[in-house]
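The sequence shown: position 36 = 36 (full-length UniProt numbering), numbered continuously.
Cβ coordinates follow ideal geometry from the N, Cα and C atoms, glycine included.
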Amino acid sequence: MRFFYETGSNDANRNKFFAQSNIEELLSSFIKNCVVLSNEEKLIKQLSAIAQDGHQQLQIISDFDYTITKYIDSGQRMLTTHEAIEMHPNMKKRSISELRKLRDIYLPIEMSCVKDPTILRQHMDVWWNQSYSILLANPITRRMIVEVEQFAPIVFRQEFTDFAAYLRSVWIPLTVFSAGLGDVIAQLMQSAHMSMENVLIAANYMQFGRNGVAYAFAKPIICVHNKTLQILKQPASILTNRSEQLTRRNVMLLGDSPHDVHMTNGHHFNTVLKIGFLNQPTSQSIEQYKQIYDMVLTKHESFRVPLNLIKWICTFPKSLFK
1 MRFFYETGSN DANRNKFFAQ SNIEELLSSF IKNCVVLSNE EKLIKQLSAI AQDGHQQLQI
61 ISDFDYTITK YIDSGQRMLT THEAIEMHPN MKKRSISELR KLRDIYLPIE MSCVKDPTIL
121 RQHMDVWWNQ SYSILLANPI TRRMIVEVEQ FAPIVFRQEF TDFAAYLRSV WIPLTVFSAG
181 LGDVIAQLMQ SAHMSMENVL IAANYMQFGR NGVAYAFAKP IICVHNKTLQ ILKQPASILT
241 NRSEQLTRRN VMLLGDSPHD VHMTNGHHFN TVLKIGFLNQ PTSQSIEQYK QIYDMVLTKH
301 ESFRVPLNLI KWICTFPKSL FK
């Protein structure tokens, strides 16, 4: 796509031309780095709207497993937060076996993108509830959470901590929205010495007794079928009408599965820019992701594209839109 300068245009048109040309140059640099664009014209409009509003109206909502973390590292598949806890030596063999049997049954259902939401909800509720009952019966202790990364391969994508640090420096809220284990996510971020001032982790947290043993999971349980802002707006939930997650009108959404694109459902935003990490790219999956994400990242184990986008938004001169 090319934008041509109109003869006799005023300063506003000239500025608009330079703004759009700048965005086009940015996108061209991404395309060279294994980034597939769903609709370039739409994306230019989205970036223009976000840049014009400024980073003060922007927030990030990101999945955790295989989005913030790597899917593959040095040829080895990394683990999810649920799988990670299974690697701790204090996990009983029977517990591990039961958890893996459930995963073998229900993971294919989750990945199949069942179109009937009622059927998906029923299957996911059974999977999560039974899995959490097994974990609590094992049981799980605070010490196991602290030690889990010693035994389980979970690695942040390259430049994620730079991304998080930059968000903190310009005060852009980051919501980590996950159907995984919130305690494990928080521990991993703490170990990475991340500032949590602008970070909200919305995930499944355990409730621990004074003896340090988990006795329950906090409600509501977050599964793939209900991982939307709607569940976080429920009474006694973690968001209020004054939460920045509800007052900032533009979102950069980051995910790795077809379900992740629904994370902003339940609240109106002006612009939602959806970026998908496609961890196992094929011609078929690329086409599928192009239908639901605005940008599809293939062969990416880094956060360089989201980081560069944020830096561009924060430094782009708003005067060009006047």
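is_contact[residue i, chain D] using C-beta, thresh 8 Å
i: T298; result: In the structure shown, chain D cannot be found, because there is only a single protein chain.
Reference residue i, options the options, closest by Cα
i: E86; options: S74, Q76, D73 and K101; result: K101
i: V305; options: L232, D65 and F160; result: F160
i: K299; options: E41, T81, Y71 and Q56; result: Y71
i: L120; options: D63, H259 and L200; result: H259
i: F151; options: E40, E110, M111 and H88; result: H88
i: E197; options: N270, N265 and R168; result: R168
i: L136; options: Y205, I68, G54 and I286; result: Y205
i: V213; options: F269, T264, R143 and N265; result: R143
Residue j beta carbon less than 8 Å from that of residue i
i: I313; j: L37; result: no
i: A218; j: Q207; result: yes
i: I134; j: S95; result: yes
i: S43; j: D256; result: Rather than Ser, the amino acid found at residue 43 in this sequence is Leu. Not in contact: L43 and D256 (Cβ atoms no closer than 8 Å).
i: M78; j: P139; result: no
i: Q245; j: P173; result: yes
i: D162; j: L307; result: yes
i: H225; j: P117; result: yes
DSSP-derived helix/strand/coil call for residue i
i: Q187; result: helix
i: N198; result: coil
i: T7; result: Here the model assigns T7 a pLDDT of 37, short of 50, so the residue's position is not dependable, and the following value carries that caveat. Reduced to three states, the DSSP call for T7 is coil.
Contacting residues, own chain, Cβ-Cβ under 8 Å from residue i (five flanking each side not counted)
i: G8; result: Here the model assigns G8 a pLDDT of 41, short of 50, so the residue's position is not dependable, and the following value carries that caveat. So the list is empty, once near-sequence residues are dropped.
i: S283; result: none
i: I238; result: L200, A202 and L232
Chain-order list of residues whose beta-carbon lies under 7 Å from that of residue i (same chain, five-residue window excluded)
i: S302; result: R157, Q158 and E159
i: D65; result: T80, T81, S178 and G180
i: G266; result: T228, L229, Q230 and K233
i: S285; result: L278
i: W127; result: L102 and Y106
Neighbourhood of residue i by C-beta distance below 6 Å, restricted to the same chain and skipping five residues each side
i: F316; result: A51
i: F252; result: Strictly speaking, residue 252 in this sequence is Met, with Phe absent from that position. Excluding sequence neighbours, M252 sits near I60 and L273.
i: residue 323; result: With the chain covering 1 to 322 only, the question about residue 323 has no answer from this structure.
i: L73; result: Here residue 73 turns out to be Asp, not Leu, going by the sequence shown. If we look at D73 and ignore the five residues flanking it on each side, its Cβ neighbours are V155.
Every unbroken alpha helix (DSSP H) within the region 24-97, with a cutoff of 4 residues, ordered by chain: 40-53 and 81-86
4-residue-minimum alpha helix (DSSP H) runs that sit fully inside the region 207-283, ordered along the chain: 229-232 and 244-247
Contained beta strand (DSSP E) runs [length at least 3] in the region 106-171, N- to C-terminal order: none
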